[in-house]
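Counting from 1, one number per residue, gives the positions in the sequence shown under UniProt numbering.
C-beta atoms are modelled at their ideal positions from N, C-alpha and C, and glycine is treated no differently.
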Amino acid sequence: FQNDYRKLSMQCKDFVVGVLDLCRDSEEVEAILNGDLNSEPVEAQRHRASLSRVKLAIKYEVKKFVAHPNCQQQLLTIWYENLSGLREQTIAIKCLVVLVVALGLPFLAIGYWIAPCSRLGRILRSPFMKFVAHAASFIIFLGLLVFNASDRFEGITTLPNVTVTDYPKQIFRVKTTQFTWTEMLIMVWVLGMMWSECKELWLEGPREYILQLWNVLDFGMLSIFIAAFTARLLAFLQATKAQQYVDNYIEENDLSEVTLPPEIEYFTYARDKWLPSDPQIISEGLYAIAVVLSFSRIAYILPANESFGPLQISLGRTVKDIFKFMVLFIMVFLAFMIGMFILYSYYLGAKLNPAFTTVEESFKTLFWSIFGLSEVTSVVLKYDHKFIENIGYVLYGIYNVTMVVVLLNMLIAMINSSYQEIEDDSDVEWKFARSKLWLSYFDDGKTLPPPFSLVPSPKSFFYFIMRIINFSKCRRRRLQKDIEMGMGNSKSRVGTEVFSLQVFESHSFNSILNQPTRYQQIMKRLIKRYVLKAQVDKENDEVNEGELKEIKQDISSLRYELLEDKSQATEELAILIHKLSEKL
């Protein structure tokens, strides 16, 4: 029943889009997008619209509903909340605002800490300003990553952490493991982003958090950063411990003239003599991976732009296609890798190159052969074992045909198909992705970006104290209610239950007599319009079909009439000619 359920799903999506299309004013649009406002708590109504239906549509990917002009108009109004004048400005003015926010971010954070309820606080709480502040903070973070590597742009010959040290009595590794000021700033940014991710995980719950792939990328990136800095700190502590040993037990001023214990002497070695499992080497490898993931995080903000948004969507769809393709690719790759290894594992040292003699070499050879970087001589033996060589040639040829000609072209076709699907409906796809980005900044909180979010504002302390007071009041009321219920006798309990039953019945009767809510009235009005429009469309279709049938019948009857008239006229003309000939 998969196709039947898909048809029902499409009908439901067309229904909600059709209802939204029939709205005539902003009140009806808000009723559809926000749901029943009367059922929400009073505190929620004081803030901006909840947009519960839009969030539900994004969750189930009802893209045409989210990309509808009425929905986009409402989202755009909320996006520029408290910044109504900025909405009509040009791109140049908006870029200037972004630059000013990036340069004055520390001062804006201080102003928000001092007066969160002022006009400046209201402006900073608008979704657009929150997005700009977070984007500017992340760009500064990427700038710190680039600046931290700027001392190696011209090479490593002049770096102090490669070979020797300038101080004869200083352990070489003490200098290489010290944290620079840029690395300390990077750590502060990482802690701020980790704190924001922990708050988001607490508010959304683990399940909803994991379902968003950007959250998984953020958490993985930050975890790798923390692991890299932890390994770096471990290396620094080990080097410091070795330096303390030198300061306490070595009296000479030049360590090159002293014989040190092996565990201490290791920390004086140059980089080329470090162990592969050295914490600093592990730290540098993890740090490089984290930097790559950090720059890939820029793709998150691209849907905000109309030009780069569709490209980012196409890139995301391409990555999904590659993951689907990897299942078939790994299956074929493993089959040939194990087969070629079994064939040549007995010929280690008896080949022109070590290809296929170990599992590692088999993996390298087959992987790089996809890009044409492996040689045909990889299957040639020094011995006169032509049968093994011929089997190797055949398997290697079949592998290249299967992987390069068949599977890679299949992947290219999948990518082209996905890109064409997005290109055919690029406006809907882009607006849907942009709405997802906007909604992440609509909720309260996340006003200040990392690392300024690490410092709690006075408003946070106030809310924390109010929660404690409310919790203590609720607990006191609950205890008092339990005491009163325990002191009452059975008669009072029965009287209370009867009274509560009467109150419940009266409330139920009154609710039945009450008039429908404003939301119910709007929805009834919209449903009536939808049903009426459906009936009119159906009647028009029926009338058109009937008219076509009538036209066909009229044409056929007219044809027969014309033929009869023609035959009669021919007979009359023949009679007239005959009479005329007789008279002559």
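Quick check on the DSSP output: the alpha helix (DSSP H) that includes GLY339 runs from which residue to which? For GLY339, the uninterrupted alpha helix (DSSP H) segment begins and ends at 309-344.
Using DSSP with H/G/I as helix, E/B as strand and the rest coil, what is LEU381? strand
Looking at ILE391: is its Cβ nearer than 8 Å to the Cβ of LEU381? no
Supposed contact pair ALA228 and TYR287 - C-beta distance, whole angstroms, cut 8 Å: 4 Å
With DSSP collapsed to three states, give me the class of GLU265. helix
Residue ranges of each alpha helix (DSSP H) within the region 67-124, 4 or longer: 69-79, 91-103, 105-114, 119-124
Alpha carbon to alpha carbon, what distance is there between SER362 and GLY316? 31 Å
Tell me which residues share the same chain as LYS7 and place their Cβ nearer than 8 Å to its Cβ, disregarding the 5 neighbours each side in the sequence. none
Starting from LEU407, trace the alpha helix (DSSP H) in both directions and tell me its first and last residue. Run containing LEU407: none; DSSP gives neither H nor E here.
For LYS446, does the three-state DSSP call read helix, strand or coil? coil
Strictly under 8 Å for the Cβ-Cβ distance: is ASP151 near chain D by that measure? Annotation note: the requested chain D is absent from the structure, which comprises a single protein chain.
If you check the beta carbons only, do ALA239 and THR177 fall under 8 Å apart? yes
Alpha carbon to alpha carbon, what distance is there between PRO106 and ALA67? 36 Å
Here's the rule I'm using: 16 or more other beta-carbon atoms within 10 Å means buried, otherwise exposed. How should VAL292 be labelled? exposed
C-beta contact flag for THR357 and LYS351 at 8 Å: Yes; because the gap between Cβ atoms is below 8 Å, this pair is in contact.
Quick one, which of TRP274, ALA115, LEU411 has its alpha-carbon nearest VAL327's? LEU411
Count Cβ pairs between the region 295-307 and the region 247-264 that sit closer than 8 Å; are there 3 or more? no
Identify, in the order they occur along the chain, each residue of the same chain with its Cβ nearer than 6 Å to the Cβ of ALA574, setting aside the five sequence neighbours on each side. The beta carbon of ALA574 lies closer than 6 Å to none in the same chain, with the five residues before and after it left out.
By alpha-carbon positions, which one of PHE367, GLN312, ASN353 ends up nearest to MET337? Answer by Cα proximity: PHE367.
In or out: ASN34 buried (at least 16 other Cβ within 10 Å) or exposed? buried
Could you check which residue in ASN409, CYS12, ALA49, GLN280 has the C-alpha nearest to that of ALA31? It is ALA49 whose Cα lies nearest to the Cα of ALA31.
Touching by the beta-carbon criterion (3+ pairs, under 8 Å), the region 184-196 and the region 260-277: Segments in contact, no.
Excluding sequence positions up to five away, which residues of its chain have a Cβ less than 6 Å from the Cβ of VAL16? PHE65
Through-space distance from VAL62 to LEU89, alpha-carbon basis: For the record, residue 89 in the displayed sequence is Gln; it is not Leu. So the alpha carbons of these two residues sit roughly 31 Å apart.
According to DSSP, residue 585 sits in a beta bridge with which residue or residues? Nothing about residue 585 can be read from this structure; the chain reaches only from 1 to 584.
By the 10 Å Cβ neighbour count, where 16 or more other Cβ atoms means buried, how is ASN70 classified, buried or exposed? buried
In terms of alpha-carbon separation, which member of TRP79, MET184, SER345, ILE313 lies closest to ALA299? ILE313
For residue 593, count the other beta carbons within 10 Å of its own beta carbon; 16 or more makes it buried, fewer makes it exposed. Which is it? Since the displayed the chain opens at 1 and closes at 584, residue 593 lies outside it and no answer follows.
Tell me the residue span of the alpha helix (DSSP H) that contains SER26. 26-34
Could you compute how far the alpha carbon of TYR519 sits from the alpha carbon of LYS549? Straight-line Cα distance between these residues: approximately 45 Å.
How many angstroms separate the CA atom of TRP274 from the CA atom of ARG152? Using only the alpha carbons, I get a separation of about 20 Å.
Going by the beta-carbon positions, is the gap between VAL132 and VAL98 smaller than 8 Å? yes
Ends of the alpha helix (DSSP H) at GLN238? 213-249
Would you mind sorting ALA231 into buried or exposed? The rule is 16 or more other CB atoms within 10 Å of its CB. buried
Between the C-alpha atoms of LEU373 and LEU103, what's the straight-line distance to the nearest angstrom? 48 Å
Tell whether a beta-carbon distance below 8 Å holds between GLY309 and ARG477. no
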